[in-house]
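In UniProt numbering, the protein residues as written are 1 to 333.
This is the structure we're talking about:
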């Protein structure tokens, strides 16, 4: 038995301590998940002992519990001396800047951990700054998730982007849902244009509008290493979408570009697809001429007037590109 998964079992602290205690000297289990069991700081001592004593567990999932900053700090101290764990998920544990700083400082002396996930934590600029400092010197961390905290913002994104100039290890950076807007996107674009390591960049559910999308489009033009960019659920309009689509025409490395949106999906997807096959100025002109019509009725009229030619072009674009561009396209297939 190499995987032990007892997630979502609503185990009490005592039960979790018993399980963890049994695994301290186990030499066969490599993956342990205790996610979403609701335990708190009372279990941390047992987890710390596990990290210190076990020599085979490489993947530890503690997502969705109540460890908070004190628990994160104790785990961070244990990680300084651990040479087995390569992945740990501490997301959804109420960790704030204090816990993040402890973890970042601990990893400066850890040469084994490659994957750290803090999804859903309340990490702000101070925590982002601590991880930026780590990225300047760390040579093992390849995956870093700081998503869904809503607090990093442009300032935190700029600080992190500055560290990516010299980092040659990180392959996956997730800053989704952190109120990153134009300035953050511009800084990331500038830092990553000549980065040859990062493969996956998540900026979904932020506050990017057209200018932010245009910065990412510029990144796509110059970077030949990124393969996956997530921009879902932002505020990108027609000009930004146009810039992104133009940039991927000359890029040969991107295999997935997520532009999906839960906001006004039908209307937005029609805008996206028509932008591909028509002139942007012409579209705006026709929108202004039809300003008194409901937007849905306008696009129905537009599609009827150019039905065959437009549909043919749209279907060809989908056929050529839908394998890596994530947009709803059911209306056209």
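For each residue, glycine too, the CB sits at the ideal point set by N, CA and C.
Cβ separation of residue i and residue j, assumed to be a contact under 8 Å, to the nearest whole Å
| i | j | result |
| --- | --- | --- |
| residue 178 | residue 221 | Not really, about 25 Å apart at Cβ, beyond 8 Å. |
| residue 33 | residue 69 | Going by Cβ atoms, the distance from residue 33 to residue 69 rounds to 22 Å, so no, they are not a contact pair. |
| residue 39 | residue 61 | With a Cβ gap of about 13 Å, residue 39 and residue 61 do not count as contacting. |
Buried versus exposed call for residue i [16 or more other C-beta atoms within 10 Å across all chains shown]
| i | result |
| --- | --- |
| residue 91 | buried |
| residue 25 | exposed |
| residue 73 | buried |
| residue 205 | buried |
| residue 164 | buried |
| residue 18 | exposed |
| residue 247 | buried |
| residue 241 | buried |
| residue 3 | exposed |
| residue 342 | Nothing can be reported for residue 342, as the shown portion of the chain is limited to 1 through 333. |
| residue 54 | buried |
| residue 180 | buried |
| residue 189 | buried |
Through-space distance from residue j to residue i, alpha-carbon basis
| i | j | result |
| --- | --- | --- |
| residue 172 | residue 202 | 8 Å |
| residue 259 | residue 67 | 34 Å |
| residue 122 | residue 195 | 28 Å |
| residue 108 | residue 134 | 6 Å |
| residue 257 | residue 100 | 30 Å |
| residue 210 | residue 47 | 46 Å |
| residue 81 | residue 102 | 14 Å |
| residue 89 | residue 145 | 9 Å |
| residue 216 | residue 149 | 22 Å |
| residue 119 | residue 218 | 28 Å |
| residue 12 | residue 20 | 12 Å |
| residue 266 | residue 159 | Only weak support is given to the placement of residue 266: the predicted model assigns it a pLDDT of 47, under 50, and the question is left unresolved by the model. |
| residue 140 | residue 249 | 33 Å |
| residue 49 | residue 208 | 43 Å |
| residue 147 | residue 155 | 15 Å |
| residue 10 | residue 29 | 22 Å |
| residue 261 | residue 111 | 39 Å |
| residue 338 | residue 52 | Any property of residue 338 remains undetermined from this structure, which presents the chain solely from 1 to 333. |
| residue 98 | residue 71 | 11 Å |
| residue 168 | residue 14 | 43 Å |
| residue 37 | residue 93 | 11 Å |
| residue 166 | residue 157 | 16 Å |
| residue 95 | residue 234 | 25 Å |
| residue 152 | residue 41 | 26 Å |
| residue 331 | residue 138 | Note that residue 331 scores 34 on pLDDT, short of 50, meaning its location in the model is unreliable; the coordinates nonetheless yield the value given after this. C-alpha separation (whole angstroms): 48 Å. |
| residue 7 | residue 31 | 12 Å |
| residue 27 | residue 116 | 23 Å |
Pair within 8 Å by beta-carbon distance, residue i and residue j
| i | j | result |
| --- | --- | --- |
| residue 193 | residue 223 | yes |
| residue 113 | residue 79 | yes |
| residue 86 | residue 56 | no |
| residue 161 | residue 142 | no |
| residue 200 | residue 227 | yes |
| residue 244 | residue 213 | yes |
| residue 198 | residue 170 | yes |
| residue 104 | residue 63 | no |
| residue 106 | residue 76 | yes |
| residue 229 | residue 254 | yes |
| residue 43 | residue 16 | yes |
Check: residue i C-beta below 7 Å from any heavy atom of the ligand GTP
| i | result |
| --- | --- |
| residue 169 | With respect to the ligand GTP, the structure offers nothing, as it holds no ligand at all. |
is_contact[residue i, chain D] using C-beta, thresh 8 Å
| i | result |
| --- | --- |
| residue 235 | No chain D appears in this structure, which consists of one protein chain only. |
Between the region 179-195 and the region 118-127, are three or more C-beta pairs nearer than 8 Å?
no
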